[in-house]
Amino acid sequence: MVTFKEFINTFIIQKQKQGSINNHILFDQIPPLKSDTITPFLCEVYPGGHYLTTCSINPSDMVTSLSKDYYHILFCNVVGYSYFRLYRPEETPRVYPYQDLFLKNISRISNIESPDENQFPLFVNADYVEGVLYPGDMLVIPSYTWFYRRSLSYSCSTSFLFANPNKKPNEVKKEK
């Protein structure tokens, strides 16, 4: 465990090691940072409202698992560049999610950009859209959309999660 100041000094300023803060509720732990952030209007007016704000600070080439969320996400790229891939919910059979109740929002494919075609043959035919976010860009990721991100440089982002009025978090286990 390190303090935020130690993290910034070690991983960002001195670049002694690689480390990241991923989807952390940093604004709740460091209130002055929260005053520098405005919750986008979209999150407030959408039925169900704003749910959670997270922050990520990542080195170059940090990758996420291909996963989906039960909330809509407004991803705000603050610093750096991020490559994204998005797969529609209809592609779920082709992205090979875990069958476990608590992991079924995560794909079993560990290398999305160069998958093992013998182990995951349907993935080759999965349709997706891709793009690069620049500093200041925002991306809306609808609930249940599969997404993957790779940092193309040191990056810092803020994500605003807001409710899907058609699905409550406690109903997730009822999903077929």
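Oh and the sequence shown: position 91 is 91 in full-length UniProt numbering, straight run, nothing missing.
Glycine included, each C-beta is placed from N, C-alpha and C at the ideal position.
Taking 8 angstroms as the cut-off, the Cβ atoms of S151 and D69 do not count as close. A contact is defined here as three or more CB-CB pairs under 8 angstroms, and the segment 140 to 157 meets this definition with respect to the segment 79 to 89. Exclusion of the five residues before and after L66 leaves R85, Y87, V95, I106, S107, I109, I112, W146, F147 and Y148 as the residues of its chain whose Cβ lies within less than 8 angstroms of its Cβ. In the three-state reduction of the DSSP assignment, V124 falls in the helix class. By DSSP's assignment, E90 forms no beta bridge with any residue.
E91 is the residue among N77, E91 and N58 whose C-alpha sits nearest the C-alpha of A126. Of the residues assessed, F162 falls on the buried side of the cut-off, its CB having 16 or more other CB atoms within 10 angstroms. Shown here, L101 sits in coil according to DSSP, grouped into three states, outside any helix or strand.
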